[in-house]
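Okay, so here's the structure we're looking at.
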Amino acid sequence: TMLGGLPGNARAQDALEPNSWEEITSYNNYYEFGTGKDDPARYADQLTTEPWSVTIDGLVDRPGEYAFQDIMSEMTIEERIYRFRCVEAWSMVVPWNGFELADLLDMAGVQDGARYVAFETLLRPSEMPGVARSVLDWPYVEGLRLDEARHPLTLMATGIYGRPIPNQNGAPLRLVVPWKYGFKSIKSIVRITLTEDEPPTSWNKANPREYGFYSNVNPDVDHPRWSQATEREIGGGLFSKRKPTLMFNGYEDEVAALYEGMDLSVNF
Amino acid sequence: MNPVDRLNGWARRLPVWAVYLICALPAPYLFYLGLTGGLGVEPIEALEHEYGEIALQFLIAGLCITPLRRRLGVNLMRFRRAIGLLAFFYLTLHLLVWLVLDVQILSQIWADILKRPYITVGMAGFLMLVPLALTSNNWSVRKLGPRWRQLHKLVYAAALLGGLHFVMLRKGFQLEPLIYLAVIAVLLLMRLDWRAIPRLNRA
Chain A
34 TMLGGLPGNA RAQDALEPNS WEEITSYNNY YEFGTGKDDP ARYADQLTTE PWSVTIDGLV
94 DRPGEYAFQD IMSEMTIEER IYRFRCVEAW SMVVPWNGFE LADLLDMAGV QDGARYVAFE
154 TLLRPSEMPG VARSVLDWPY VEGLRLDEAR HPLTLMATGI YGRPIPNQNG APLRLVVPWK
214 YGFKSIKSIV RITLTEDEPP TSWNKANPRE YGFYSNVNPD VDHPRWSQAT EREIGGGLFS
274 KRKPTLMFNG YEDEVAALYE GMDLSVNF
Chain B
1 MNPVDRLNGW ARRLPVWAVY LICALPAPYL FYLGLTGGLG VEPIEALEHE YGEIALQFLI
61 AGLCITPLRR RLGVNLMRFR RAIGLLAFFY LTLHLLVWLV LDVQILSQIW ADILKRPYIT
121 VGMAGFLMLV PLALTSNNWS VRKLGPRWRQ LHKLVYAAAL LGGLHFVMLR KGFQLEPLIY
181 LAVIAVLLLM RLDWRAIPRL NRA
C-alpha cells in the first residue's frame, strides 16, 4: 500500500491526479545544467549515472562508499504520489518510486550524537555545463534535521511512473521531502553525512534572507519577492487558475508535530 | 558602395509600416504557441517572459539609434518612433499577461506592486513610458517643441529600470539579465559628453 500506517489525510493522496511524464520531465530546476526550465531536459542526458555510489559518513556505525546497486538490492521500492511545490510558486503531482530515507540511514547505522543529515549533489564540470557559472556555490548541498530525515514521508526517489528516474529529475537517486519547497529535495546524491551541527544548505548560503534552513511550504510566510499564498499547477495551460497553497503542502497532519513550539516565521 | 551607405539605402526604401507589421507579428504568434503547447508546460510564465524580453530588446534597439548615427553614420532615425512604440506594445502585453493570466487576484496585484521591489521597479519603468507613448505623434512633437526632447529622455530611466527589474526577478545572480543591464548601461554612458568631464575637473 502507498502510505500504510500513516493516519488520516495521507490516504486522501490517492485522489491526487499525477502530472504527465512530459510535464514532470520537461520543466525542471537543476542549475548544474543551466538556469532555464528546459536546460536540464536538454543537457542532462550527458550525465553518466552508471556506475554510481553514495558515500555515507559522519556519525554512522558503517561508514563507506555504497554502490547504488547494492543499496537498491537492500531496499523495498514503493510508489508515493506526492504534491511537489516549488519555492517559485508552481506545483506538480509526481508519482515517485523509491524507498524511505530512514531505511537507508538504518543500513549505515546512525550513532547517538547525530542530529542532522547533510546531502551533497554530484559535481562533475565535464558533464554539467551550468556549473561553469557561479550561480550557486557548487557542489549543491542540502540538509535535514534527523527527525525530518527519519519521517516516513521522506523518500529517496529512484523512479517516476515505474521507470528509472530521468537525469533531469535527479538520477539515479534523489531526496523527496514533500512538505518542503522543492529545492530541499536535492538531486543526484553522492554523499550523505550524519552530523551533530546544522549543515550548510546551498540556497541559504546564497541568500539567507530569502531561503531558510527549514523551507517548509507555508502559505503565510511569503518569499521576500513573491507571495507563497497561492500556486499554479503545471499543466493547466494558458488560462489555468491559481489555487491556494496548503500548510506544509497538504501534509500538516503528518508533519506539524515536528515543529511544535517553533515560530515558523522565524524558522522559515 | 560602402556597407554604411548600402544600409542607409535599404533603410530609406523600407516603409515604416512594414517595420510595425513585421515586428508586431511575434505577439500573436507567441500567444498562439502558448495556447497550443509550443511554449512548454508552463505557458503563462513563458509568455510573460517572452513579451518582457522582447520589450527590453526594443528599448535597447531604440537606444542604439542615436549612437549608430553619430558614431557609424547609420541613419535609422525614421524607425525610432516605431521601435519605441513597439517596445511599449510588448511591455503592455507583458503587463497584461502578468495582471490577467499570472496574478489574477486584484488585491494581490496592488500588494505586489507596493511590496515587491522588482515589481515596483518594473511598474515605475512602465509608467514612465506611458507619457512617451502618448506623445509619440507629430501633433505632440509640434505642440511640445523643445520640451518633447526633454520629456523623451525619460526613456533612459525607464530602460535602466527595465534592466534592473530583469536582474532582480531571477533566483540568484544570473548571466543573461546582467548582460541586458550592462548593454543598457553602456548605451546610456555613451550619451555622456566625456569631453565635458575633464573640463569640469579643471574648473
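Quick note, the sequences are listed as chains A and B, same order.
The letter at position 84 of the first sequence is residue 117 when you use UniProt numbering, and the numbering goes up by one with no holes.
The letter at position 109 of the second sequence is residue 109 when you use UniProt numbering, and the numbering goes up by one with no holes.
C-beta atoms are modelled at their ideal positions from N, C-alpha and C, and glycine is treated no differently.
Decide if Leu-72/B is buried, meaning its Cβ has at least 16 other Cβ atoms within 10 Å, or exposed. Stepping through the second sequence from its first residue, residue 72/B is reached at position 72. Leu-72/B is exposed by the Cβ-count criterion.
Member of Glu-42/B, Leu-85/B and Glu-176/B whose CA lies at the smallest distance from the CA of Glu-55/A: Taking the first sequence and counting its residues from 1, one reaches residue 55/A at position 22. The option with the nearest alpha carbon to Glu-55/A is Glu-42/B.
Tell me, please, whether the region 277 to 297 of chain A touches the region 148 to 155 of chain B by the rule of three or more beta-carbon pairs shorter than 8 Å. no
Thinking Ile-184/B and Leu-14/B are a contact (beta carbons under 8 Å), I'd like their distance in whole angstroms, please. Here residue 184/B is taken as the residue at index 184 of the second sequence, counted from 1. Here residue 14/B is taken as the residue at index 14 of the second sequence, counted from 1. Not quite, the Cβ-Cβ distance comes to about 26 Å (not below 8 Å), so this is no contact.
Whole angstroms is fine: what's the gap from Gly-37/B's alpha carbon to His-94/B's? Along the second sequence, one-based indexing puts residue 37/B at 37. Along the second sequence, one-based indexing puts residue 94/B at 94. Taking the straight line from one Cα to the other gives about 19 Å.
In chain B, which residues lie with their C-beta within 9 Å of the C-beta of Thr-68/A? On the first sequence, residue 68/A is found 35 positions in, with the first residue counted as 1. Those within 9 Å of Thr-68/A in chain B are Arg-170, Lys-171, Gly-172, Gln-174, Leu-175 and Glu-176.
Given that a residue counts as buried once 16 or more other Cβ atoms are within 10 Å of its Cβ, and exposed if not, what is Phe-173/B? Along the second sequence, read from residue 1 onward, the residue named residue 173/B stands at position 173. Burial call: exposed.
Just confirm the distance between the C-beta atoms of Gly-91/A and Thr-228/A, as a whole number of angstroms; I'd bet it's less than 8 Å. Translated into positions along the first sequence, residue 91/A becomes position 58. Translated into positions along the first sequence, residue 228/A becomes position 195. The pair is a contact, with the Cβ atoms about 5 Å apart (cut-off 8 Å).
Phe-272/A CB to nearest chain B CB: under 8 Å? For the purposes of this step, residue 272/A is taken as residue 239 along the first sequence, with counting starting at 1. Chain B contact via Cβ: present.
Fully enclosed by the region 122 to 182 of chain B, which alpha helix (DSSP H) runs are 4 residues long or longer? Correct list: 138 to 144, 146 to 152 and 154 to 169.
If you count every other CB in all the chains shown that lies within 10 Å of the CB of Leu-96/B, and 16 or more means buried, which is it? Reading the second sequence from its first residue, position 96 is the one you call residue 96/B. Exposed, since its Cβ has fewer than 16 Cβ neighbours within 10 Å.
Can you tell which of Glu-243/A, Leu-49/A and Gly-270/A has its C-alpha closest to the C-alpha of Ser-260/A? Working through the first sequence from its first residue, we reach residue 260/A at position 227. Checking every option, the nearest Cα to that of Ser-260/A belongs to Glu-243/A.
Could you confirm whether any beta carbon from chain A is found closer than 8 Å to the beta carbon of Pro-43/B? Here the question's residue 43/B lines up with position 43 in the second sequence. Chain A contact via Cβ: present.
For a contact meaning CB atoms closer than 7 Å, what does Arg-166/A contact in chain B? Here the question's residue 166/A lines up with position 133 in the first sequence. The answer, in chain order, is Leu-175.
Taking 8 Å as the CB-CB limit, is Gly-163/B close to chain A? Looking up residue 163/B in the second sequence gives position 163. For Gly-163/B, the answer is no, since every Cβ of chain A falls outside 8 Å of its Cβ.
For Leu-30/B versus Leu-56/B, is the C-beta spacing smaller than 8 Å? Reading the second sequence from its first residue, position 30 is the one you call residue 30/B. Reading the second sequence from its first residue, position 56 is the one you call residue 56/B. Not a contact, by the Cβ cut-off of 8 Å.
What residues from the region 106 to 118 of chain B come within 9 Å of chain A, judged by C-beta to C-beta, listed N to C? Gln-108, Ala-111, Asp-112, Lys-115, Arg-116, Pro-117 and Tyr-118
Between Ala-147/A and Leu-179/A, is the Cβ-Cβ spacing less than 8 Å? Start at 1 with the first residue of the first sequence, and residue 147/A comes out as number 114. Start at 1 with the first residue of the first sequence, and residue 179/A comes out as number 146. Going by C-beta atoms, Ala-147/A is nearer than 8 Å to Leu-179/A.
Tell me whether Tyr-63/A is buried or exposed, calling it buried when 16 or more other Cβ atoms sit within 10 Å of its Cβ. Within the first sequence, numbered from 1, the residue matching residue 63/A stands at position 30. Classification of Tyr-63/A: buried, given that the 10 Å Cβ count is 16 or more.
Mind pulling the chain B residues with CB within less than 8 Å of Trp-171/A? Residue mapping note: residue 171/A aligns to position 138 of the first sequence, counting from 1. Here the premise fails: no neighbours, minimum Cβ distance about 12 Å.
So for Gly-37/A, helix, strand or coil by DSSP? Position 4 of the first sequence, counted from the first residue, corresponds to residue 37/A. Per-residue confidence for Gly-37/A stands at a pLDDT of 42, beneath the threshold of 50, marking its modelled position as unreliable; no derived number is given.
Give me, in chain order, the residues of the same chain whose beta-carbon lies closer than 7 Å to that of Arg-80/B; leave out the 5 immediate sequence neighbours on both sides. Walking along the second sequence from the start, residue 80/B turns up at place 80. Excluding positions up to five away in sequence, the list reads Gly-62 and Ile-65.
Buried or exposed: Gln-201/A, going by 16 or more other Cβ atoms within 10 Å of its Cβ? Indexing the first sequence from 1 puts residue 201/A at position 168. Gln-201/A is buried by the Cβ-count criterion.
Inter-residue Cα distance where the pair is Val-16/B and Leu-134/B: For the purposes of this step, residue 16/B is taken as residue 16 along the second sequence, with counting starting at 1. For the purposes of this step, residue 134/B is taken as residue 134 along the second sequence, with counting starting at 1. Answer to the nearest angstrom: the Cα atoms are 19 Å apart.
With 8 Å as the threshold, decide whether the Cβ of Gly-9/B is near any Cβ in chain A. For the purposes of this step, residue 9/B is identified with residue 9 of the second sequence, where counting begins at 1. Closer than 8 Å: no.
Closest Cβ-Cβ distance between Ile-193/A and chain B: below 8 Å? Counted from its first residue, the first sequence places residue 193/A at position 160. Not one chain B Cβ lies under 8 Å of Ile-193/A.
Hey, how far is the Cα of Trp-139/B from the Cα of Leu-132/B? Translated into positions along the second sequence, residue 139/B becomes position 139. Translated into positions along the second sequence, residue 132/B becomes position 132. It is roughly 13 Å from the alpha-carbon of Trp-139/B to the alpha-carbon of Leu-132/B.
Per-residue contacts from Arg-265/A into chain B (C-beta, under 9 Å): Within the first sequence, the letter at position 232 stands for residue 265/A. Within chain B, the residues near Arg-265/A are Glu-42, Ile-44, Glu-45 and Asp-102.
In the DSSP assignment, find the unbroken beta strand (DSSP E) run with Met-280/A in it and report its ends. Numbered from 1 along the first sequence, position 247 holds the residue referred to as residue 280/A. Note, Met-280/A: premise wrong, no beta strand (DSSP E); not H, not E.
Where Lys-143/B falls, given that 16 or more other Cβ within 10 Å makes a residue buried: Residue numbering aside, residue 143/B sits at position 143 when the second sequence is read from its first letter. Lys-143/B comes out exposed.
To which residues of the same chain is Glu-266/A closer than 6 Å at the C-beta, ignoring the five residues directly before and after it? In the first sequence, residue 266/A corresponds to position 233, counting from 1. Once the five neighbours on either side are set aside, the close Cβ partners of Glu-266/A are Ser-124.
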